[in-house]
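Asks:
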Ligand code: HEM
Ligand code: SF4
Ligand code: SF4
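Residue numbers (the working numbering), protein chains in the order written: chain D, 455 to 621; chain Z, 443 to 968.
#1: Exposed or buried, what is residue 964(Z) when buried is set at 16 or more other beta-carbons lying within 10 Å of its beta-carbon?
#2: To the nearest angstrom, how far is the alpha carbon of residue 503(D) from that of residue 482(D)?
#3: Checking the sheet assignment: what are the DSSP bridge partners for residue 537(Z)?
#4: At a cut of 8 Å, does the segment 595-609 of chain Z reach the segment 541-552 of chain Z through at least three beta carbon pairs?
#5: Any Cβ of chain Z within less than 8 Å of the Cβ of residue 574(D)?
#6: Since residue 556(Z) is in the alpha helix (DSSP H), which residue starts that stretch and which ends it?
#7: CB-CB under 6 Å to residue 559(Z), same chain, minus the five flanking residues each way: which ones, in chain order?
#8: Evaluate the contact criterion for the segment 816-831 of chain Z versus the segment 745-759 of chain Z: three or more CB pairs, one atom per stretch, below 8 Å.
#9: Mind checking residue 612(D): buried by the 16 CB within 10 Å criterion, or exposed?
#10: Between which residues of its own chain and residue 476(Z) is the CB-CB distance below 7 Å, once the five residues before and five after are set aside?
#11: Return the first residue and the last residue of the beta strand (DSSP E) that residue 883(Z) is part of.
#12: What are the boundary residues of the alpha helix (DSSP H) that residue 823(Z) is part of?
#13: Might you give, ordered along the chain, the residues of its own chain that have their beta carbon closer than 8 Å to the beta carbon of residue 622(Z), omitting 5 neighbours on each side?
#14: Beta-carbon separation of residue 482(Z) and residue 652(Z) under 8 Å?
#15: Would you report the Cα separation of residue 533(Z) and residue 776(Z), rounded to the nearest angstrom?
#16: Please list the partners that residue 499(D) has in chain Z, where partner means a Cβ-to-Cβ separation under 9 Å.
#17: Does the segment 655-667 of chain Z come close enough to the segment 565-575 of chain Z to have 3 or more Cβ pairs within less than 8 Å?
#18: Which residues in chain Z have a C-beta closer than 7 Å to the C-beta of residue 481(D)? List them in chain order.
#19: May I ask you to list the residues that DSSP assigns as paired with residue 536(D)?
#20: Going by the CB atoms, is the gap between residue 487(D) and residue 570(D) shorter than 8 Å?
#21: Count the other C-beta atoms from every protein chain shown that fall within 10 angstroms of the C-beta of residue 906(Z), then say buried if there are 16 or more, exposed otherwise.
#22: What residue does the alpha helix (DSSP H) around residue 433(Z) start on, and which one ends it?
#23: Which residues of chain Z have a Cβ atom closer than 8 Å to the Cβ of residue 608(D), listed in chain order?
#24: Hey, residue 739(Z) and residue 807(Z): beta-carbon distance below 8 Å or not?
#25: Just to confirm, does residue 477(D) get its C-beta within under 7 Å of one of the non-hydrogen atoms of ligand 2?
#26: Rounded to whole angstroms, what's the CA-CA distance from residue 524(Z) to residue 495(D)? Just pull it up for me.
#27: Is DSSP giving residue 965(Z) helix, strand or coil here?
#28: With a 10 Å radius around its C-beta and 16 neighbouring C-beta atoms as the bar for buried, classify residue 518(D) as buried or exposed.
#29: For the segment 462-481 of chain D, which residues have a beta carbon sitting closer than 7 Å to at least one beta carbon of chain Z?
#30: Is residue 734(Z) near ligand 5, with its Cβ less than 7 Å from a heavy atom?
#31: Look at the alpha carbon of residue 469(Z) and the alpha carbon of residue 919(Z), and state the distance between them as a whole number of angstroms.
#32: Would a check of beta-carbon distances place residue 785(Z) closer than 8 Å to chain D?
#33: Leaving out the 5 sequence neighbours to the left and right, which residues in its chain are closer than 7 Å to residue 521(Z) when beta-carbon positions are compared?
#34: Between which residues of its own chain and residue 558(D) is the CB-CB distance below 7 Å, once the five residues before and five after are set aside?
#35: Check whether the Cβ of residue 576(Z) lies closer than 8 Å to any Cβ atom in chain D.
#36: How would you label residue 705(Z), buried or exposed, when you count the other beta carbons within 10 angstroms and need 16 or more for buried?
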């Protein structure tokens, strides 16, 4: 009798164990974003303009260099930081000055941002400056979009396709 | 504060475990084998994982469909393996978490035990990295959620300049190569986990990496039943052009991501690092635990290796003899590994209270528990007892608090561990009639605080382990009672039952052979 009670209680305890696992491995559900929402991702991998243009070396400067490293022209590699802004429906959602990567600041400026917005109509304005010598923004794109629920809208930037890409 | 938390935690565990003790018995209580169970679940995960891996396709389109194939078309085998793989991983989180908490509240993490504790911290990270990586491979909506959250989390670190999250911007940004990398990591990280699990138990002798067979059978059956009634399934396939909305997540592994959404990637990093650092430093936070290690007395050590074999923490090594005595070896203690449990003292054949000519200095001894003092305490305390039901109660700090036991005809003496008592002392108490019986008590049977105290002691009493209790000691006069800290009331009942038995037995009479030997003046030895 006692043996039977023991086995039954063991069964119950094993039961509690698997019920805990069975339940918490899939429940309660988690809502990442509501299904009346949509996502706008703003991302960028872009190298700003060189801070200084390439420059011819004078004879004198050339003479100072070691013979095996003598060159006529030097190109300082440091790049301009990239200033990036995103306005959604006229509201400034993102504004940052992205420093170039790399030890000598000669790499890409990068960013990735995720915005959750209600599905539906939105006015987007993205603008960018990649040259500190230029005032204001040298790239800009404006577009009205309609986002379906859960749609992910990506704003990327590529100079080989004329700047901002919206899709 | 820390102490208070530990004590309340201990109280909770003791009460929960009491339920399991009734059901499983105190030798097979799963709470006493949590580390072993975590090991066991790891093996279930590993074996089922091998099967799954044989069918898994490491490509963007193949990943999901190959797992769907296993789940749906091959539900009876592939599906069961998939479910076992998932649920045993969850079970590993549960047993690991409880194991950690338990070691903490039972005070098995400080002092010399720091090593297992400290190496446990990377295990938590590796278990999580393995599990989350596994869910990622499925490439369903949960995996998509993991991909986005994990990359945003990693991107918070200022190490990599290019955001990892760019890889998951849309369907077009993803490559098959990425799945090969994931699959590679999902094998590499668990292998690393296994390596660290192995390191984790290096300082223990005979680590219990396997739970008792009944628990193995029970656990695997439980996992199988769960796999059959609730097979693990995928959610809708991932689609990086559409955001994940509401998903069923595995809270054992993925609770970190909702937490990150509620706070931020930085908060999660700070929280995870701060908790890990805090845990890692716990063994060195006050109150510090530092008892003096045992010392070897070479004059009395004959190199028999018993202490070496019985030490639960491999703190003793046998070295070539250095003092010119005619023995091959000598015991050497590594102080930094000795937890001062005294199991080795109980194992040393030279620790005998019968010596009269020489002083009582055994081959190995705890400086703050000299056997000579123990011998005197036994003689002194038992001298106050009268009648033929005199009981000497011996216990440790982890069982019933003996200071509170006040019964007529009973005296109590505390030891670091009852197995620190050389069996010859029992012989001494009975044959010299210092008491009519000895009751030894301590932790729960399956859960000795010093790992092997109860096991070794019982084997010594049963004549199965050196040094054995001499046959001339009537076994009915030596009783063991394993009840843990909260077993006070049961212990009192056991004592009075024992006293009744002793009354029936009457006073101890030595066997005839013994009487003759003494009469002829032979020197006693244990
Ligand atoms: C993958 C997860 C883990 C596994 C498989 C595991 C397994 C084990 C095993 C088999 C033992 C030996 C038990 C014995 O023979 O007495 C042990 C001991 C121990 N574990 Fe773990 N463990 C894990 C995680 C952890 C964690 C996260 C911690 C704490 C941070 C921890 C702390 C300890 C301590 C302190 C001991 C030593 C207990 C003693 O000295 O008596 N373990 N573990
Ligand atoms: S007291 Fe003895 S048995 Fe215990 S840890 Fe130290 S050396 Fe090992
Ligand atoms: S048990 Fe005693 S005699 Fe044997 S090796 Fe250890 S210290 Fe020496």
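For every residue, glycine included, the Cβ atom is placed at its ideal position computed from N, Cα and C.
Replies: Taking the structure as given:
#1: Because the pLDDT of residue 964(Z) is 47, which lies under 50, any placement of that residue in the model is unreliable, and the number read from its coordinates should be weighed accordingly. Classification of residue 964(Z): exposed, given that the 10 Å Cβ count is below 16.
#2: Taking the Cα positions, residue 503(D) is about 50 Å away from residue 482(D).
#3: DSSP, once it has assigned bridges, lists no residue as partnering residue 537(Z).
#4: Two segments are said to touch when three or more pairs of C-beta atoms, one from each, lie closer than 8 Å; by this definition the segment 595-609 of chain Z does not touch the segment 541-552 of chain Z.
#5: Residue 574(D) does not count as touching chain Z.
#6: For residue 556(Z), the enclosing alpha helix (DSSP H) covers residues 556-579.
#7: Hits under 6 Å: 551, 725.
#8: As far as the Cβ criterion goes, the segment 816-831 of chain Z does not touch the segment 745-759 of chain Z, which means the pair count is below three.
#9: With fewer than 16 other CB atoms across the displayed protein chains lying within 10 angstroms of its CB, residue 612(D) is exposed.
#10: Cβ contact annotation for residue 476(Z) (same chain, cutoff 7 Å, sequence separation greater than five): 537, 540, 541, 544, in chain order.
#11: Per DSSP, residue 883(Z) belongs to the beta strand (DSSP E) from 879-884.
#12: That run of the alpha helix (DSSP H) goes 813-824.
#13: 500, listed in sequence order.
#14: For residue 482(Z) and residue 652(Z), yes; Cβs fall inside 8 Å.
#15: Between the alpha carbons of residue 533(Z) and residue 776(Z) lies a gap of roughly 37 Å.
#16: Within chain Z, the residues near residue 499(D) are 604, 605, 608.
#17: With a cut-off of 8 Å, the segment 565-575 of chain Z and the segment 655-667 of chain Z do not count as touching, because too few Cβ pairs lie within range.
#18: Residue 481(D) reaches chain Z at 690, counting residues in chain order whose Cβ is nearer than 7 Å.
#19: Residue pairing from DSSP places residue 536(D) in a beta bridge opposite 552(D).
#20: Contact flag set, yes.
#21: Label assigned to residue 906(Z): exposed.
#22: The structure shown does not extend to residue 433(Z), since chain Z spans only 443 to 968, so no value can be given for it.
#23: Listed by position along chain Z, the residues whose Cβ is nearer than 8 Å to that of residue 608(D) are 611, 612.
#24: Cβ distance < 8 Å, so residue 739(Z) and residue 807(Z) count as in contact.
#25: Distances from the CB of residue 477(D) to the heavy atoms of ligand 2 are all 7 Å or more.
#26: Roughly 34 Å separates the two Cα atoms.
#27: Confidence in residue 965(Z) is poor, its pLDDT being 46 and thus under 50, which makes the residue's placement unreliable; the coordinate value appears in the next sentence. In the structure shown, the three-state DSSP call for residue 965(Z) is coil.
#28: Exposed, since its Cβ has fewer than 16 Cβ neighbours within 10 Å.
#29: So the list reads 463, 464, 467, 468, 471, 472, 475, 476, 478, 479, 480, 481, given in the order they occur along the chain.
#30: Of the ligands this structure carries, namely ligand 1, ligand 2 and ligand 3, none is ligand 5.
#31: The straight-line gap from Cα to Cα measures roughly 24 Å.
#32: Output row for residue 785(Z): interface = no.
#33: Excluding sequence neighbours, residue 521(Z) sits near 512, 513, 673.
#34: When the five nearest sequence neighbours on each side are left out, the beta carbons in the same chain lying within less than 7 Å of the beta carbon of residue 558(D) are those of 531, 532, in order along the chain.
#35: Chain D contact via Cβ: absent.
#36: With fewer than 16 Cβ atoms within 10 Å of its Cβ, residue 705(Z) is classed as exposed.
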